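Let me begin by presenting the structure, written as structure tokens, before commenting on it.
Protein chains: 2
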Amino acid sequence: MTGKREQTKKDNRNAILEAAREVFVKLGYGATTVRDIIRATELASGTFYNYFKSKDEVFQAIQDENALRVRPRLRAERVRARNVEEFISGSFHTFFEYIATDRRTFAVIRRNADTMRVRMDTPEIIAGFDELRIDLLTAIEQGIFPPVDADYLMASLVGVAFEIGEHMLTREPIDTKAAANFATALFMGGFKALPHYVAATEAAA
Amino acid sequence: MTGKREQTKKDNRNAILEAAREVFVKLGYGATTVRDIIRATELASGTFYNYFKSKDEVFQAIQDENALRVRPRLRAERVRARNVEEFISGSFHTFFEYIATDRRTFAVIRRNADTMRVRMDTPEIIAGFDELRIDLLTAIEQGIFPPVDADYLMASLVGVAFEIGEHMLTREPIDTKAAANFATALFMGGFKALPHYVAATEAAA
DNA sequence: CTTAAAATTGACGCCTTGTCTTCAAAGACT
DNA sequence: AGTCTTTGAAGACAAGGCGTCAATTTTAAG
Chain A
-10 MTGKREQTKK DNRNAILEAA REVFVKLGYG ATTVRDIIRA TELASGTFYN YFKSKDEVFQ
50 AIQDENALRV RPRLRAERVR ARNVEEFISG SFHTFFEYIA TDRRTFAVIR RNADTMRVRM
110 DTPEIIAGFD ELRIDLLTAI EQGIFPPVDA DYLMASLVGV AFEIGEHMLT REPIDTKAAA
170 NFATALFMGG FKALPHYVAA TEAAA
Chain B
-10 MTGKREQTKK DNRNAILEAA REVFVKLGYG ATTVRDIIRA TELASGTFYN YFKSKDEVFQ
50 AIQDENALRV RPRLRAERVR ARNVEEFISG SFHTFFEYIA TDRRTFAVIR RNADTMRVRM
110 DTPEIIAGFD ELRIDLLTAI EQGIFPPVDA DYLMASLVGV AFEIGEHMLT REPIDTKAAA
170 NFATALFMGG FKALPHYVAA TEAAA
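So the protein sequences, as listed, match chains A and B. Counted from 1, the first sequence has number 167 at position 178 by the numbering used here; the numbering is strictly sequential. Counted from 1, the second sequence has number 108 at position 119 by the numbering used here; the numbering is strictly sequential.
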């Protein structure tokens, strides 16, 4: 017995999310209203607010779901890595393949005519960044990576991934391998030149 | 004689922009309304629309002004460069110093609680990116740079600049030189490893 | 001084927002 | 099965934003 109450709750939430995805792509994030979203469902306007506080929160929920889909893959890739190259190369390949495959989802993420860029501050996405930073620190401790500034390195990886990812999608045909190779080569060469670094807290210890 | 009409026109426009900067920082981009902006001036609501179509357009105008402030400096740095290192290093130093200095302006640019990230698609900013791409292509032609994928390289530079820039601002004290050195080293090392590349159009010729 | 053009004003109609009361359906208890 | 309680969907409502426009003031020109 599932409990009818629980079931409709899930159904309604999904209906709203699905409608939101649809409408965000069609109208763009900025132009869509909460009413646009519920109008695309069978529900009443007041019901929306039982599930989300605003259209922003729906957007976050969608982003979180996206992040949850890629994060485990990225994580697995990094844990499996036995050296720097596998770490970097695996991450880029996975990420680029994801955004190339999941185009429909990425359409929501991507630049909209009247909104900014990627929403990067949802809990899940932040958690993903943190995970990356910790994995980098671990790799440095284990001597897989040279002791560079993990925070800046993370920032660089993220920046390159998103920017190249976006350019990659504008090319025809979409070549995720070429994009990943470019990014990987950049970092593989760059590592050797990076200034070595000891975090302030560790230096004090 | 300046012409009184022209003068008040400029004054009004500036008043709106100044009020907008103030309000965007205070309330965040998403939460501010056109009314909030004009309320922070002496003007009437209708007047706003003689100058801008929406709050979005005001935001763009602010971004454009910002871009116009940095672009010439970046350009000069690149034109002066006699080799790869000067090109890269000069650009990063200039950019990081700019965002560190002009904090108030950057506060508008930076992540807001309820909006996304940087608006990257205003005409001036796009022009700035284009300028960078062209400078890169020129440098490649002149043999200063190896023949790499200029588009991806530009994307990487931009991604790294913005992401590291943001992290840099969270550290105390703010060390623009260290940030620039990190980014420069990454690319200096990375270059040598990048796959050589001939753009499709040129390859066809 | 008169007339024409330009630009500002603020009220207006339309729309969205988030809230709140009402009420039907689901589940609990006997 | 019958009654009571709780949940949550519904949809009306007040508050307030949006963009427009006729009226009015301000500047420039003749």
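Quick reminder that beta carbons are idealized off the backbone N, C-alpha and C, glycines included. This one's a predicted model, so the numbers in the text were calculated from it and none came from an experiment.
Inter-residue Cα distance where the pair is residue i and residue j
i: Gly148/A; j: Glu155/B; result: 11 angstroms
i: Ile27/B; j: Asn3/B; result: 12 angstroms
i: Asp53/B; j: Leu121/A; result: 34 angstroms
i: Asp164/A; j: Asp140/B; result: 14 angstroms
i: Ser80/A; j: Pro61/B; result: 36 angstroms
i: Asn1/A; j: Val47/A; result: 13 angstroms
i: Val73/B; j: His82/B; result: 14 angstroms
i: Lys134/A; j: Lys42/B; result: In the sequence as displayed, the identity of residue 134/A is Phe instead of Lys. Going from the Cα of Phe134/A to the Cα of Lys42/B covers about 51 angstroms.
i: Asp25/A; j: Asn55/A; result: 22 angstroms
i: Leu175/A; j: Leu175/B; result: 8 angstroms
i: Arg69/B; j: Ile123/B; result: 15 angstroms
i: Met177/B; j: Gly17/B; result: 38 angstroms
i: Val12/B; j: Ser34/B; result: 16 angstroms
i: Ala8/B; j: Thr(-9)/A; result: 55 angstroms
i: Glu(-5)/A; j: Leu57/A; result: 23 angstroms
i: Gly117/B; j: Thr127/B; result: 15 angstroms
i: Glu86/A; j: Tyr40/B; result: 44 angstroms
i: Ile88/B; j: Arg160/B; result: 13 angstroms
i: Asp119/B; j: Ile115/A; result: 31 angstroms
i: Pro162/B; j: Lys15/B; result: 24 angstroms
i: Gly19/A; j: Gly19/B; result: 10 angstroms
i: Gln49/A; j: Thr90/A; result: 21 angstroms
Assumed close pair residue i, residue j - CB separation to whole angstroms, cut-off 8 angstroms
i: Phe84/B; j: Val59/B; result: 7 angstroms
i: Leu125/A; j: Leu142/A; result: 6 angstroms
i: Ile5/B; j: Thr21/B; result: At roughly 12 angstroms, the Cβ-Cβ gap does not stay under 8 angstroms, so Ile5/B and Thr21/B are not in contact.
i: Gly179/B; j: Gly179/A; result: 4 angstroms
Limits of the unbroken alpha helix (DSSP H) element including residue i
i: Lys42/A; result: Run containing Lys42/A: none; DSSP gives neither H nor E here.
i: Leu158/B; result: 139 to 158
i: Leu32/B; result: Unbroken run through Leu32/B: none, as it is neither H nor E.
i: Asn3/B; result: -7 to 16
Contacts around residue i, its chain only, beta-carbon distance under 6 angstroms, and the 5 residues preceding and following it disregarded
i: Leu32/B; result: none
i: Lys(-7)/B; result: none
i: Ile129/A; result: Pro136
i: Ala169/A; result: Phe81, His82, Phe85
Proximity below 8 angstroms, CB of residue i to CB of residue j
i: Ser145/A; j: Ile153/B; result: yes
i: Lys(-2)/A; j: Val23/A; result: no
i: Phe76/A; j: Arg67/A; result: yes
i: Ala167/A; j: Ala150/A; result: no
Cut-off 7 angstroms between Cβ atoms - residues of its own chain near residue i, not counting five sequence neighbours on either side
i: Arg71/A; result: none
i: Ala189/A; result: Below a pLDDT of 50, predicted positions are generally treated as unreliable, and Ala189/A, at 46, falls in that range; no measurement from the model is reported.
Near the ligand ZN: residue i beta-carbon under 7 angstroms from a heavy atom
i: Ala4/B; result: Of the ligands one can find in the structure shown there are none, so the ligand ZN has no counterpart to examine.
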